[in-house]
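What follows is a short report on a single structure.
In this note's numbering, the protein residues as written are 453 to 559.
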């Protein structure tokens, strides 16, 4: 593993966030290195919506370690909360998306 990468700090030392299940309101503990967690009351799957540097950094495997890297990259495209979106489609800002839609109408 590399000495230090600020982008991977929450993966090496996971942080806890308490979320409410959108279906039943139960509190759900989601750690920063979790891809998804199921609600203990109703079974609803809550996804961790923070995109990680693991998806784009060529040093990610060395930085976060082999086991964490495999866990984070094992996610299938249909597992994302938005469906089959690609990571670059999910990270685009609203302004950037608006610019792309405007380009089609300008001629």
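The C-beta atom is built at its ideal place from N, Cα and C for all residues, glycine as well.
From the DSSP output, in three-state form, read off residue i for me.
{"i": "residue 481", "result": "strand"}
{"i": "residue 521", "result": "helix"}
{"i": "residue 464", "result": "helix"}
{"i": "residue 471", "result": "strand"}
For residue i, which residues from the same chain have a beta carbon less than 6 Å from its beta carbon, with the 5 sequence-adjacent residues on both sides left out?
{"i": "residue 469", "result": "482"}
{"i": "residue 485", "result": "463 and 466"}
{"i": "residue 457", "result": "515"}
Would you mind reading off the limits of the beta strand (DSSP E) that contains residue i?
{"i": "residue 489", "result": "488-490"}
{"i": "residue 498", "result": "497-499"}
Hey, quick one: how far does the alpha helix (DSSP H) through residue i stretch, first residue to last?
{"i": "residue 506", "result": "First-last for residue 506: undefined, no H or E at that position."}
{"i": "residue 526", "result": "It is not in any alpha helix (DSSP H) - residue 526 carries neither H nor E in the DSSP assignment."}
{"i": "residue 515", "result": "512-516"}
Leaving aside the five residues before and after residue i along the sequence, list all residues of the same chain whose C-beta is less than 8 Å from its C-beta, in chain order.
{"i": "residue 496", "result": "473, 474, 475, 476 and 490"}
{"i": "residue 478", "result": "472, 491, 492, 493 and 494"}
{"i": "residue 518", "result": "none"}
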